[in-house]
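Undergrad:
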Amino acid sequence: MIVKIDFNSDEAIYIQLRNQIIMGIATDRIREGDTLPSVRQMAEYVGINMHTVNKAYSVLRQEGFLKLDRRKGAVVSLDVDKYQALEEMKQNLDVVLACGICRNISRQEVHQLVDFIYDAYLNGCTGCEKNSGDGSE
Numbered sequence: 001m002i003v004k005i006d007f008n009s010d011e012a013i014y015i016q017l018r019n020q021i022i023m024g025i026a027t028d029r030i031r032e033g034d035t036l037p038s039v040r041q042m043a044e045y046v047g048i049n050m051h052t053v054n055k056a057y058s059v060l061r062q063e064g065f066l067k068l069d070r071r072k073g074a075v076v077s078l079d080v081d082k083y084q085a086l087e088e089m090k091q092n093l094d095v096v097l098a099c100g101i102c103r104n105i106s107r108q109e110v111h112q113l114v115d116f117i118y119d120a121y122l123n124g125c126t127g128c129e130k131n132s133g134d135g136s137e
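Next up, the structure:
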């Protein structure tokens, strides 16, 4: 499992780890039923504190991405409530879209970007930078 943490980022490390795991699930690099490394193993692999990994795993459990089992550890188990997921997406997108509008990003550019990112996930690619979806190939 490849995890990229930016130690210079303003984003909390546990959030970065959470996001990396979610992106792994979205691209099928991590599948339902897979067991994630133990808290200790992940902490050593990434070079972070065990409490940070534990917090990321706890958040993922609360969000319905993981089940924590004393014997098996952290197991990917997607407890999907589509309505709740759509509500969470809407809340997250509200601010992102407001920022885009303030920066004169058009509806068409937003749609192109969303399509590009969605297609990248379907093709197992996160963070693909060849074409950012802005129409400038």
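First residue of the sequence shown? That's 1 in the UniProt record's numbering, and the numbers climb one at a time after it. Using N, Cα and C, we set each Cβ at its ideal position, and we do this for glycine too.
1) Given that a residue counts as buried once 16 or more other Cβ atoms are within 10 Å of its Cβ, and exposed if not, what is residue 45?
2) To which residues does DSSP link residue 96 through a beta bridge?
3) Per the DSSP calculation, residue 56 is bridged to which residue(s)?
4) Between the alpha carbons of residue 88 and residue 27, how many angstroms are there, rounded?
5) Judging by CA-CA distance, which residue of 10, 60, 111 and 39 is the nearest neighbour of residue 51?
6) If you pair each beta-carbon of the region 92 to 111 with each one of the region 55 to 69, do three or more pairs fall below 8 Å?
7) For residue 110, report the span of its alpha helix (DSSP H) as first-last.
8) Tell me which residue opens and which closes the alpha helix (DSSP H) that residue 24 is part of.
9) Taking the Cβ atom as the reference point for each residue, do residue 34 and residue 3 lie within a distance shorter than 7 Å?
10) Since residue 74 and residue 57 should fall inside the 8 Å C-beta cutoff, what is the C-beta to C-beta distance between them, to a whole number of angstroms?
11) Taking Cβ to Cβ, would you say residue 215 is nearer than 7 Å to residue 48?
12) Return helix, strand or coil for residue 75, following the three-state DSSP convention.
13) Between which two residues does the alpha helix (DSSP H) containing residue 39 stretch?
TA: Taking the definition as stated:
1) If you number the sequence shown from 1, residue 45 lands on position 45. Result: exposed.
2) Along the sequence shown, one-based indexing puts residue 96 at 96. Note: residue 96 sits in no beta bridge, so no partner.
3) Against the sequence shown, residue 56 aligns to sequence position 56. Its beta-bridge partners do not exist; DSSP assigns none.
4) On the sequence shown, residue 88 is found 88 positions in, with the first residue counted as 1. On the sequence shown, residue 27 is found 27 positions in, with the first residue counted as 1. If I take the Cα positions, the gap works out to 20 Å.
5) Locating residue 51 in the sequence shown gives position 51, where the first residue counts as 1. The candidate whose alpha carbon is nearest that of residue 51 is 39.
6) no
7) Residue mapping note: residue 110 aligns to position 110 of the sequence shown, counting from 1. Looking at the DSSP string, the run of the alpha helix (DSSP H) that includes residue 110 is 107 to 122.
8) Sequence index remark: in the sequence shown, residue 24 carries index 24 (1-based). Looking at the DSSP string, the run of the alpha helix (DSSP H) that includes residue 24 is 13 to 26.
9) Looking up residue 34 in the sequence shown gives position 34. Looking up residue 3 in the sequence shown gives position 3. Not closer than 7 Å, so no.
10) Locating residue 74 in the sequence shown gives position 74, where the first residue counts as 1. Locating residue 57 in the sequence shown gives position 57, where the first residue counts as 1. Rounded, the Cβ-Cβ distance is 5 Å, consistent with contact.
11) Here the chain covers residues 1 to 137 and nothing more, so residue 215 does not appear.
12) Translated into positions along the sequence shown, residue 75 becomes position 75. Residue 75: strand per DSSP, three-state reduction.
13) The sequence position of residue 39 within the sequence shown is 39, counting from 1. Residue 39 -> alpha helix (DSSP H) spans 39 to 46.
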